[in-house]
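There are 2 protein chains.
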Amino acid sequence: MTSLATSAPPVAREAWKLLFELARTKHRSLTAALVELELTAVQAHALRLLEPERPLAMSELADVLHCHASNVTGIVDRLEARGLVERRAGRDRRVKTLALTKDGGRLRERVVELLAAPPLEIAGLPAADQRALRDILARALQR
Amino acid sequence: MTSLATSAPPVAREAWKLLFELARTKHRSLTAALVELELTAVQAHALRLLEPERPLAMSELADVLHCHASNVTGIVDRLEARGLVERRAGRDRRVKTLALTKDGGRLRERVVELLAAPPLEIAGLPAADQRALRDILARALQR
DNA sequence: GCCAGCTAGTTGAGGATGTCAAGGTTCCAC
DNA sequence: GTGGAACCTTGACATCCTCAACTAGCTGGC
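Those protein sequence lines, which keep their order, are chains B and P.
Heads up: take any position in the first sequence, counting from 1, add 38, and you land on my numbering.
Heads up: take any position in the second sequence, counting from 1, add 38, and you land on my numbering.
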């Protein structure tokens, strides 16, 4: 649970405001890019989490997506209907294991690249700024 | 249109990855906080955009929310049903102008504070890091 | 061995968000 | 005036999300 700093110093608030704005901008451009792949945000996220060599159980996917199992059923239904994902029976026959198909693997690569690509706002920064940004964020997330 | 840098230097990608992670973490905690106000993300966003002294037309709200007018109808319906917002007829009677009610204004303040509060990851940084972060992000968004 | 209770996943109901097409009012330019 | 444009709403449909109830399968204690 990441709590909030309701009485934070002004500088932190300014930094956060900028960060918020950047995130929103990127979120929009990302959603637009996903439309061309005919994927929704959640579908793309699920695809990203399904690494080719490490199949996931439905319940594990629900965990990492932070949503209910019943929701995952529908999401996987749609991915499976498009031939991107397969449900396989595990040794424990209650568990259904999710594996990428060939098509799913190919599409996943595009999704991963899309998500990993920094927006031009970041990519266009001087190298020193990029390094400083990375280091500061690394410190921030270390807690 | 924020385009993507699909072939960006590794440092930019690392920085972006961290930023992405921070955004996701915060998004979750924010959604959780909004549940207690019985607001969804879009409702909170709409509320934030409705400044007390500057009423917005439905179409203007649709613009800033980046969604279709027909979608705004439903969102405003729900806010109005809760007594947070009022539709008023403008001089041009095609236009419906949105104004906050007393309750809406009070709730909006809490929402604005919630959105503006930086996560502890940022608030807990040394002051020098906060300043550097703010300055780098300001440069990034200047383009 | 057997059964009570747990776990995994699905189903169905219901709500919010989002798109699109169609329609009603109102305005404006000609 | 009248035709077209602008603004909003409505209805149909898809996705995402939760919850409650259900089925199938596993497991531990007797």
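Ideal placement from N, C-alpha and C gives every residue a C-beta, glycine not left out.
- Sort out for me which residues DSSP pairs Arg-126(P) with in a bridge. Its beta-bridge partners are Thr-135(P).
- Message: Measuring straight from C-alpha to C-alpha, what distance separates Arg-131(B) and Leu-94(B)?
- Response: Using only the alpha carbons, I get a separation of about 14 angstroms.
- Query: Beta carbon of Val-133(P), beta carbon of Leu-103(P): below 9 angstroms?
  - Reply: No; because the gap between Cβ atoms is not below 9 angstroms, this pair is not in contact.
- Message: Whether or not the segment 157-175 of chain P and the segment 47-59 of chain B are in contact is what I'm after, with contact meaning three or more pairs of Cβ atoms, one per stretch, closer than 8 angstroms; do they touch?
- Response: Touching, per the Cβ criterion.
- Task: Measure the alpha-carbon distance for Leu-153(P) versus Ala-127(B) and round it to whole angstroms.
- Result: Rounded to whole angstroms, the gap between the alpha carbons of Leu-153(P) and Ala-127(B) is 44 angstroms.
- Three-state secondary structure assigned by DSSP to Leu-94(P): In the structure shown, Leu-94(P) falls within a strand segment according to DSSP collapsed to helix, strand and coil.
- Mind pulling the chain P residues with CB within less than 7 angstroms of Leu-56(B)? Within chain P, the residues near Leu-56(B) are Arg-172, Leu-175, Ala-176, Leu-179.
- Message: Spatial neighbours of Pro-90(B) within its chain, please: C-beta separation below 7 angstroms, excluding the five flanking residues on both sides.
- Response: Excluding positions up to five away in sequence, the list reads Leu-138, Gly-143.
- Locate the alpha helix (DSSP H) running through Leu-175(B), then write down its first and last residues. Residues 165-179.
- Message: When you compare the CB of Gln-81(P) with every CB in chain B, is at least one pair closer than 9 angstroms?
- Response: Under the Cβ distance rule, Gln-81(P) does not count among the residues neighbouring chain B, no pair being separated by less than 9 angstroms.
- Query: So, Leu-57(B) versus Ala-84(P), is the Cβ gap smaller than 9 angstroms?
  - Reply: Note that the C-beta distance between Leu-57(B) and Ala-84(P) is not below 9 angstroms.
- Does the beta carbon of Ile-113(B) come closer than 9 angstroms to any beta carbon on chain P? No - not a single Cβ of chain P is within 9 angstroms of the one on Ile-113(B).
- With a Cβ-Cβ cutoff of 9 angstroms, do Ala-155(P) and Pro-156(B) count as a contact? The answer is no: Cβ separation not under 9 angstroms.
- Under 8 angstroms from the C-beta of Leu-60(B): neighbouring residues of chain P: Simply Leu-57, Leu-175, Ala-178, Leu-179.
- How big is the Cα-Cα spacing for Asp-167(B) and Ile-174(P)? Straight through space, the alpha carbons of Ile-174(P) and Asp-167(B) are spaced by roughly 6 angstroms.
- Task: Kindly list the residues whose CB is nearer than 8 angstroms to the CB of Leu-88(B), restricted to its own chain and excluding five residues on each side of it in sequence; keep chain order.
- Result: Within the same chain, Leu-88(B) has close Cβ partners Leu-94, Leu-99, Val-123, Leu-136, Ala-137, Leu-138, Gly-142, Arg-146.
- For the segment 136-166 of chain B, which residues have a beta carbon sitting closer than 9 angstroms to at least one beta carbon of chain P? From the segment 136-166 of chain B, only Glu-151, Leu-152, Leu-153, Ala-154, Ala-155, Pro-156, Pro-157, Leu-158, Glu-159, Ile-160, Ala-161, Gly-162, Leu-163, Pro-164, Ala-165 have a Cβ closer than 9 angstroms to chain P.
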